Amino acid sequence: MKDRLKDRIALVTGASSGIGEATALALAEQGGKVAIAARRKDRLEQLAAKLADLGAEPLVLAADLTREAEAQRIVRETEARYGRLDILVNNAGVMYLEPVAEADLGRWRSMLELNVLSLIASTQAALGGMRARREGHVVNVSSVAGRVANPMAAAYAATKFGVVGFSESLRREVYKDNIRVSVIEPGMVDTELRQHVAHEASQRAVNVRAGEMRQLQAEDIADAILFCVTRPDYVCINEVLMRPTDQE
Ligand code: NDP
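Residue numbers (UniProt numbering): 1 to 248.
Below you can see the structure in the form of structure tokens.
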């Protein structure tokens with residue numbers, strides 16, 4: 001079946017690479033119309049060409065989502081373009097690994113702004129329309145780091161535990177409005193995420209760990225997200241925790 005999301009409207013954040021890009025394609029392959037947000041406009045435009053070929057009528061939203069107003073604007077522009085928003089995939093994120101004692105707090109602040117506050121701001125902006133229509137699905141990408149806290153990942157874990165807590169609290173606030181909330185918790189995925197770790201020893205350590213396993217691919221996570229958003233509307237997949245078979 002190729003039309004399980006026929007005419008559904010989705011917004012995917014962090015769609016310029018990795019999990020977000022794969023998710024936008026997976027939603028489009030099922031007939032969804034897809035808005036895509038991130039900072040790198042050139043990468044979004046390359047993806048938009050592929051989405052257009054799939055009939056997804058893409059909307060490119062270049063935005064720095066560490067800024068709350070931008071996280072709200074992308075929702076407003078999606079609703080303005082398509083008339084509504086059915087599926088919000090809050091995926092944009094960074095992973096700044098470093099030991100607490102040496103951490104650059106400015107860097108950590110921007111991670112908290114993106115991984116947690118922007119996800120909250122986009123969700124809040126989407127709720128009005130979803131409530132009015134009594135339907136909608138919010139998919140939040142957390143991590144195994146939202147379930148297990150490792151050294152060098154204190155602030156990253158704080159953001160991802162935060163996403164898990166926020167998602168469950170939100171679910172209990174909105175389930176009576178027929179709004180679903182799913183949280184996705186991937187283990188090691190082969191994407192660009194690790195390239196942005198600025199602390200050299202932490203980057204080396206995480207690259208060594210990644211090299212020791214058959215990592216998940218972005219498409220594996222997109223598949224899980226697609227599964228969540230294609231259940232009948234009385235089914236809410238609350239949480240998906242998935243690791244590479246080789247990951248402890
Ligand atoms: P990528 O680095 O490939 O993707 C991250 C995305 O976030 C990019 O599209 C990037 O786009 C976007 N982004 C980063 N900063 C900003 C910003 N300030 N404003 C808007 N968008 C931004 O990594 P992944 O695909 O792996 O990461 C996606 C999500 O998956 C993240 O939340 C990550 O924490 C989570 N995750 C990843 C795992 C992994 O092992 N890879 C494991 C568990 C969870 P741009 O730079 O163009 O702005």
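For every residue, glycine included, the Cβ atom is placed at its ideal position computed from N, Cα and C. It should be emphasised that the depicted structure is a prediction, and the values quoted were computed from it without experimental measurement.
Using a Cβ-Cβ distance cut-off of 8 Å, the segment 175-183 and the segment 127-144 are in contact, since at least three pairs of beta carbons, one from each stretch, lie closer than that value.
By a beta-carbon distance limit of 8 Å, ARG8 does not contact ILE74. Their separation comes to about 17 Å. Under the 10 Å beta carbon count, GLN215 is surrounded by 16 or more other beta carbons and is classified as buried.
Our two residues, PRO58 and LEU51, have alpha carbons roughly 6 Å apart in a direct line. Per DSSP, the continuous beta strand (DSSP E) segment holding ALA35 begins and ends at 33-38. Taking each of ASN238, LEU241, THR230 in turn and checking the Cα distance to GLY32, the smallest one comes out for THR230.
For MET242, there is no enclosing alpha helix (DSSP H); the enclosing beta strand (DSSP E) covers residues 239-242.
Judged by pairs of C-beta atoms under 8 Å, the segment 186-194 does not touch the segment 152-164, as fewer than three such pairs exist. The C-alpha of GLU212 lies about 10 Å from the C-alpha of VAL206.
Where GLU219 is concerned, the enclosing alpha helix (DSSP H) starts and stops at 218-229.
Assignment of GLU173 by DSSP, reduced to helix, strand and coil, places it in the helix class.
DSSP places GLU70 inside the alpha helix (DSSP H), whose first and last residues are 68-82. The three-state secondary structure of GLU192, taken from DSSP, is coil. Between LEU119 and ALA92, the C-beta gap is smaller than 9 Å, which places the two residues in contact. Using a cutoff of 8 Å, the CB of GLU135 does not count as near the ligand NDP, since none of the ligand's heavy atoms is closer than that.
Counting only runs that start and end inside the segment 127-184, the beta strand (DSSP E) elements of at least 3 residues fall at 136-141.
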